[in-house]
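Reviewing the structure listed below.
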Amino acid sequence: MVLVHSPALRLLRTTQCERDALAPWARAGINAVLLPAPWRGAGVQNVPYDADLAADGKEPAVDAIARYAESAHAVGLACYVDVILDRVARDAVATTAQADWLAVDRDLPELDPRQPLDALSSRQVRGDGEDFLRCWSERLGQWLNAGVDGYYLQRPQGLPPATWDELLSGLRQRHPEVRFIAATQGMTPHDLQQRTHVGFDWTVNSLPWWDGRADWLAQEDARLRALAPVLAPLDGRSEARAAWLAAFCGDGLMVDVRDGDAPTSDVVAALQWHASVALSGPLTIIGGQAGRATLLLRQTQDDTTLGLAVAPQGESSSCIDLPPLAGVLPAGPLTDQDVPPALRPRHGIVGESGCSLLVWQESTEVKSDARAPADERQPQAPRLAIESVQPALGPERLPVKCIAHEQLTVQATLIMDGHEQLAADLCWRACDERHWHRVPMRLLGNDRWEAAFAPQRIGAHEYRVQAWQDIWAGYCHEWHSKHTAGQSVDMPLREGAQWLTRTIAKAERDNAPPRVCNGLKRALKTLQQVFDGGVTVDRALQQLCDPALAASIRETAQRPHARASAVYPLWVDRNRARHAAWYELFPRSQAASGHGCFDDVINRLPDIRAMGFDVLYLPPIHPIGQRNRKGRNNSLKAGPDDVGSPYAIGSAAGGHDAVAPELGTLEDFDRLLAATHAEGMEMALDFAIQCSPDHPWLKSHPNWFSWLADGSLRYAENPPKKYEDIVNVAFYENTPPWRRKSPVWRALRDIVLFWAQRGVRIFRVDNPHTKPLPFWEWLIAEVRAKYPDTLFLSEAFTRPAMMYRLAKIGFTQSYTYFTWRNHRQELVEYFTELSGEPVASFFRPHFFVNTPDINPYYLQSHGRPGFLARAALAATGSGLWGVYSGFELCESAALPGREEYLDSEKYELRPRDWHMPGNIRSEIAQLNAIRRANPALQTHRGFQPLNAGPDTVMAYIKRASGGANVILVVINLDPQHSTEAEVRLPEPVAHADDLLTGAHSAWHDSVARIRLTPEAPYSIWRLPADPCRSAT
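Residue numbers for the sequence shown follow full-length UniProt numbering, beginning at 1 and rising by one.
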């Protein structure tokens, strides 16, 4: 029997639908029974011989079904029936299989050893005839009338999509409540895609064959969700790991049990938990290498993220190593609330159940106006110096950046005279917390110390280094040194005993925990035993220098010459600040013909999500001015039908807080925003501080603009470019003392707050380098004070110092020079700069492969292979990458000699066939899937260039923090020609996984030999990870 559990569905397969057998499952949460095919069948698969005769041959099938349905309904269970429509018995009766329904056998199956045994007793049905459809529609309709509530449809690939569509829609017209489960296990991606629009209610995944590590389960999940929600199969006798895996992976559960089996306690617990959390949306699978648990992530219907850490198959336990996975984790601390005890992590290790449930507490964003109390440090002591604290951004102490759960590694140089031993803590806290969190620092060598911490909340944090003389470490060092040299340690041990006596007294006065006091007393007793001759010095030193004792002493002992560094600021963002894939489109071009609107964008969302993008970026959506409107290809004269540039913002219909009437209303925009979130994506809006001459502000606030000596408006310029359809606001008075125009600043801030209040949390800022830096620092701080999760992307193609300064004062991400880096050496140098310190601590590079303004020469000249190569470079080089629509179609037609698109969409409508031949949609989807499954590709850090030949090949390793994930990328920068690449690896590789083809390889001589072709100009491999050394 098979049971299926879901928010609306619970199934039981049995040949005996008796109340006593069903009742325990009904109490466990099952609400439907699934019966085997009710007919007289043949062969192992029970294909129909006579579909109208019951299996026992004694009554009509419809009568048997009615009895089974009545029994199921009596205990509160719906009744589903398992049916096979694409095959029939070879000698089936005429009412079940007519001759013209059957496919022609090419060969007799008994003569073909490749055929399964069951083929000897069955024939394939074509399923495309009217009589076939009419017959099965009538039969299934009769069963629905007899009490059946739904059908489990075997082998959906066996019948044409049109047949399924017509059959299911016809039955729904007569029985609107009927539900259909597609048995999708074993279907190819092509078969699934062909049946996307059939209208199945449920699909079934292949969880029982998953090894607890491989990426394919998440990829299958994404394909199945294009059809319908997903059921996860489960053996009803399973233990905790399998039960919780199914409960976590499926929108519903399909529990397979034998007749007479009762539900186990593990299965009942998983069923009840699953019913209570209402999981929805796609499955993310990440990690699971080198002793680490695999982490599965899903959302609940209220947008809470849950995780299930599982030990891969064959491993008894695994560490839960979260910092490398920060790119996909929600902000907030972990909580044990509502987590069953058996599923709670044990000191960062997956327990005996083989899985641990991770629940992130709803993140309380740091209150930016909160201020921590004055420093409680001891008076500064000049004996100890703290130097070169890193990361730190210069004397202004602007904040460095990280995302929630990402480890920030801090180093400092600690200097003190003599041979004294030092200790140090890395202290950190959110700016609305009173007390410091402390992490012991470790000595790297040459007086350099290091520690790391992983903040969990979004907002302002701070950190510092505190150091002091470690008396006990000094004693341990002295005892070991002298004892090893054969010198007497009697006096040093007695000095240590006296100091330990004072420390015990202090601990007791301070009400230290009993474990601390007891540990100190045991150490003192050991010293006394040495003096009494009861313990040897060797044995005593082993006990006295034990790290656990040192930790207890660290908690309570005095800290001579303690000194704290300056306090350094840190801004913590959410994960999409560092890891996201952007897709840019013009809403007005999304209709099949004519001017598009927000509803046309809604229709395209599934298509965009199918390519793996998670941020939808819209250029300005505001009313467009008429005066000096630009025509096609940036011509100065517009025709009556020309739509103008969306960057010429403002008309009689409104300004920056309005939407273009041609696109819809604000309510229509809200629907688009909600639909975007429902697809698992976010929306980014363009914040362009520029106005058309028709902007309402020119009438209401003319003093906000610059005027020429002749009284005319000063139009926007970026020499040698001129923008006759745009004017800019003035941020400062143009006479001494050059005060800022505060009303302008506040009005621009209020625009961002207006859209943030509607639910937009990402803003791409147009040309921020042409506006005052103090304005941006102020505006970003003002917005974050109300919405700390807001992200700002800087579109500043300018000097590196200015780009970096914008990042330092608050911009979350930045466009880069990636678009113009085409050759190996310049790419290696640029990637190295962006991934290394100090840049990586404050600058997050966003690799856009093209933009409406930039049609790169490389794409113009390298055809489809060039698009593939650049997509791979961008998707693997940084955690942030983006495309402007048309890239997936390899559009590259340009104005002669310029990096501008011919017939640019900035000035006209550009409807497209989004599935035209030659597109690279599937390649983009695969790249995004690889990024989601591999933490090394979710950050700009961890870049390591490799030697490779020929010189047109670029090869590099991307490494997640702690070596939790190691990826090899090899790309042909001359992609129109095939090449045999030889890549020198840092060490021999015993096993490597080809993430594009699923193949495996080994390079024992440390040389990877890879063929790159125009059809596949890049190769991406997962190498063995470093052993796990940390856990959550």
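Ideal placement from N, C-alpha and C gives every residue a C-beta, glycine not left out. It should be emphasised that the depicted structure is a prediction, and the values quoted were computed from it without experimental measurement.
C-beta contact flag for residue i and residue j at 8 angstroms
| i | j | result |
| --- | --- | --- |
| P935 | P324 | yes |
| S794 | V765 | yes |
| S651 | K630 | no |
| A894 | Q860 | yes |
| P340 | A269 | yes |
| D259 | A21 | yes |
| V989 | P1024 | yes |
| G327 | T939 | yes |
| P623 | A591 | no |
| A430 | W571 | no |
| D91 | A37 | no |
| W428 | A562 | no |
| L713 | V727 | yes |
| L605 | M683 | no |
| I608 | P587 | no |
| L549 | L527 | no |
Presumed contact (8 angstroms Cβ cut-off) between residue i and residue j, rounded CB distance
| i | j | result |
| --- | --- | --- |
| L791 | P845 | 14 angstroms between Cβ atoms; not a contact. |
| L398 | K808 | 5 angstroms |
| A183 | Y152 | 6 angstroms |
| A964 | D215 | So it is not a contact: roughly 15 angstroms between Cβ atoms. |
| F843 | Y804 | 6 angstroms |
| L224 | L217 | Rounded, the Cβ-Cβ distance is 10 angstroms, inconsistent with contact. |
| A89 | G127 | In fact, because the Cβ distance is near 16 angstroms, the residues do not count as touching under 8 angstroms. |
Strand pairing of residue i, partner residues [DSSP]
| i | result |
| --- | --- |
| W1021 | L968, D994 |
| G250 | According to DSSP, G250 bridges with nothing at all. |
| Q390 | Q411 |
| A42 | V47 |
| Q813 | L793 |
| T163 | According to DSSP, which records beta bridges pairwise, T163 is partnered with nothing at all. |
| L358 | G307 |
| D766 | E795 |
| H461 | A430, L570 |
Straight-line gap, residue i to residue j (C-alpha atoms, nearest Å)
| i | j | result |
| --- | --- | --- |
| E717 | D725 | 11 angstroms |
| V277 | T300 | 6 angstroms |
| V535 | D546 | 16 angstroms |
| Q157 | D191 | 6 angstroms |
| G76 | N31 | 7 angstroms |
| V4 | E362 | Confidence at V4 is low in this model, with a pLDDT of 46, below 50, so the placement of that residue is unreliable and no value is reported for it. |
| F887 | K906 | 15 angstroms |
| R1022 | V537 | 51 angstroms |
| K58 | P229 | 38 angstroms |
| S853 | A709 | A quick correction: the sequence has Asp, not Ser, at residue 853. Whole-angstrom Cα-Cα distance: 32 angstroms. |
| G655 | F613 | 30 angstroms |
| A473 | P391 | 28 angstroms |
| A780 | F598 | Rather than Ala, the amino acid found at residue 780 in this sequence is Ile. The alpha-carbon atoms of I780 and F598 are separated by roughly 28 angstroms. |
| P282 | P312 | 21 angstroms |
| A246 | P233 | 7 angstroms |
| F180 | P161 | 14 angstroms |
| V2 | P189 | The pLDDT assigned to V2 is 46, lower than 50, so where the model puts this residue is not dependable, and the model offers no usable value. |
| N628 | K771 | 23 angstroms |
| F797 | P975 | 27 angstroms |
| A97 | R155 | 18 angstroms |
| A653 | Y647 | 15 angstroms |
Assigned exposure category for residue i - 16 Cβ within 10 Å defines buried
| i | result |
| --- | --- |
| G836 | exposed |
| L636 | exposed |
| T923 | Correcting the residue type first, residue 923 is Glu in the shown sequence and not Thr. Per the 10 Å Cβ criterion, buried. |
| E365 | buried |
| A309 | buried |
| S565 | buried |
| S892 | buried |
| K525 | exposed |
| A370 | Here the model assigns A370 a pLDDT of 48, short of 50, so the residue's position is not dependable and the matter cannot be decided. |
| A785 | exposed |
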